[in-house]
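Visitor: Next up is a structure, given as structure tokens.
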Amino acid sequence: MDIITYAIFILTYALIASRRLALLPIGRPAGALLGAVLMVVFGAITPEETYRAIDHDTILLLFCMMILTVYLKEARFFDWISLRIIKICRTPVSLLFGTAIISGVLSALLVNDTVCLFLTPALIATCRRANLPFGPFLIALATSANIGSSATLVGNPQNMIIGSMSGIGFSSFLMEAGPAAGLGLLINLLLLWVYYRKKMPEHFPLDEETEGAAVNGPRLYLVLFVALGVITGFFAGFHMGYTTLAGVMVLVIIDRKDPRAIFSVVDWPLLVFFCCLFIVVAGLASTGVVERAWKASAPYLIISKAEGLAIFSALMTIGSNLVSNVPMVLLAGPHINELGTGNLPWVLLAFTTTVAGNLTILGSVANIIVAECSRDVYNLGFFEYLRFGAVSTVLVLLVGCAYLWTFS
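See the structure below:
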């Protein structure tokens with residue numbers, strides 16, 4: 003039976019890792035769904051156990067954050083913030099920095115995938131109007147979104163899972179991970195300057211639409227007020243999923259419209275993908291192989307020593323790029339407390355698996371979203387991204403992990 007379970011796991015991850023598997027090009031969500039069904043059919047996990055395997059707190063939080071972000075988009079928040087950046091940043095290099103900073107900050111407060119989904123079209127329009135190169139700005143958006151999202155428990159799905167598994171509070175996590183993410187963003191900004199400053203013109207034109215457009219208004223301020231209330235609830239220690247749900251329901255009631263149009267924009271396939279991923283990983287864990295592998299590697303993962311920290315960071319980085327960061331967290335999470343007490347092991351897990359997504363263009367969902375949303379006007383190539391992403395990933399991990407190890 004274990005061999006069949008291993009085969010199902012390998013098939014599932016082949017379907018997930020390959021964007022277009024020639025024999026079965028069904029995509030990531032359907033691939034994960036197939037894996038979950040096969041795990042149940044062949045007895046690796048029972049139907050009752052599948053319900054317990056799904057982390058409902060994470061799914062609720064992700065779902066509600068998606069809706070909140072859609073309301074922000076409908077209020078034209080992302081258009082407004084893009085126009086503010088353009089008006090403040092009067093040179094292409096400063097606009098590149100502004101893009102990276104806004105991407106990082108917003109991704110710490112909202113889910114990085116949705117930030118990239120809504121900022122990419124605005125960024126493409128800006129580059130078109132100002133005749134700026136697409137590549138540097140798209141890379142700045144994607145890499146900074148990943149780094150910034152590592153600062154909080156709501157920045158990305160894997161951090162949401164870590165928050166649910168560890169029980170760490172929003173404020174405690176931010177106090178430890180926030181400075182490391184901030185240092186990472188500074189390093190990323192420096193690399194953007196080194197790589198792309200010579201490719202930028204000295205100035206760019208601002209047309210009348212850019213200069214005069216105003217996107218704010220009562221609706222925007224209302225949504226921002228509710229979003230601020232949700233974030234305040236996080237800091238107060240309230241349940242993050244239900245706090246966000248309460249904020250969403252306030253917006254639904256005030257909007258006084260059938261919310262089906264809002265719900266239709268939610269990335270339902272992504273929610274299905276994560277639900278099924280929980281089941282597939284639980285099926286694999288039932289064989290005991292994860293526990294055996296962890297016990298074999300545990301002596302080398304003593305994070306109180308520099309060597310153990312380096313090995314742990316490298317293992318999480320490589321694993322996140324082989325099986326993706328969310329599955330890596332699901333596999334490693336149940337054993338993280340064995341590495342030491344306190345928050346450090348969990349914060350390291352969050353930081354390394356998130357920043358690892360910057361290594362290649364396929365390393366995170368945010369990267370893929372940026373590439374897919376821009377493909378009609380620009381083909382962001384694998385090696386074009388890798389030349390920047392690999393260097394950024396290594397340097398950000400070195401500095402960030404060293405900071406966490408020293409000060410946590």
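Heads up: the sequence shown begins at 3 in our numbering, then just goes up one per residue. Using N, Cα and C, we set each Cβ at its ideal position, and we do this for glycine too.
Could you say which of Ile-281, Ser-366, Met-202 and Pro-347 lies nearest to Val-42 if we only look at CA atoms?
Guide: Ile-281
Visitor: Note down, in chain order, each residue of its chain lying with its Cβ closer than 6 Å to the Cβ of Val-267, except the 5 sequence neighbours on either side.
Guide: Val-72
Visitor: Run through DSSP, which three-state label would His-241 get?
Guide: coil
Visitor: How would you write the range of the alpha helix (DSSP H) that Ala-147 sits in, first residue to last?
Guide: Per DSSP, Ala-147 belongs to the alpha helix (DSSP H) from 136-151.
Visitor: From this set, Leu-332, Leu-193, Leu-187 and Gly-243, which residue's C-alpha is nearest Val-283's C-alpha?
Guide: Leu-332
Visitor: Taking 8 Å as the limit between beta carbons, can you name the residues of its chain near Glu-213, skipping five residues before and five after?
Guide: Note that Glu-213 has pLDDT 48, beneath the 50 cutoff, so the model's placement of it is unreliable and no number is given.
Visitor: I want to know whether the stretch 127-139 touches the stretch 237-248 - three or more CB-CB distances under 8 Å.
Guide: No contact exists between the stretch 127-139 and the stretch 237-248.
Visitor: Does DSSP put His-205 in a helix, in a strand, or in coil?
Guide: coil
Visitor: Assign Ser-250 to one of three DSSP states: helix, strand, or coil.
Guide: Note on residue identity: the sequence assigns Val, not Ser, to residue 250. Note: Val-250 maps to helix in three-state DSSP.
Visitor: With a floor of 4 residues, list each alpha helix (DSSP H) that falls wholly inside the stretch 346-410, ordered by position along the chain.
Guide: Entirely contained in the stretch 346-410, the alpha helix (DSSP H) runs reaching 4 residues are, in chain order, 346-357, 367-375 and 384-409.
Visitor: Can you tell me where the alpha helix (DSSP H) holding Phe-275 begins and where it ends?
Guide: First-last of the alpha helix (DSSP H) with Phe-275: 270-287.
Visitor: Using the Cα positions of Leu-140 and Leu-17, report the straight-line distance between them to the nearest angstrom.
Guide: Here the alpha carbons of Leu-17 and Leu-140 stand approximately 27 Å from one another.
Visitor: Assign Thr-343 to one of three DSSP states: helix, strand, or coil.
Guide: coil
Visitor: Which of helix, strand or coil does DSSP assign to Gly-45?
Guide: coil
Visitor: Under 7 Å Cβ to Cβ from Gly-321, same chain only, skipping five residues before and after it: list those, please.
Guide: Met-330
Visitor: Using a Cβ-Cβ cutoff of less than 6 Å, which residues in the same chain neighbour Ala-55 once the five nearest sequence positions on both sides are dropped?
Guide: Phe-280, Ile-281 and Ala-284
Visitor: Roughly how many angstroms separate the alpha carbons of Ser-394 and Leu-193, rounded to a whole number?
Guide: In this structure, the CA atom of Ser-394 is about 7 Å from the CA atom of Leu-193.
Visitor: Going by other Cβ atoms of all chains shown within 10 Å of its Cβ, with 16 needed for buried, is Asp-4 buried or exposed?
Guide: exposed
Visitor: When DSSP labels each residue in this structure, what does Asn-114 get in the three-state scheme?
Guide: helix
Visitor: Assign Cys-66 to one of three DSSP states: helix, strand, or coil.
Guide: helix
Visitor: My assumption, with CB atoms under 8 Å, is that Leu-341 sits in contact with Leu-317. Please give the rounded CB distance.
Guide: In fact, because the Cβ distance is near 12 Å, the residues do not count as touching under 8 Å.
Visitor: Find the nearest neighbour of Ile-61 within the set Gln-160, Ile-256 and Gly-219, judged by alpha-carbon distance.
Guide: Gln-160
Visitor: Assuming Thr-362 contacts Leu-388 (C-beta within less than 8 Å), just tell me the rounded distance between them.
Guide: 6 Å
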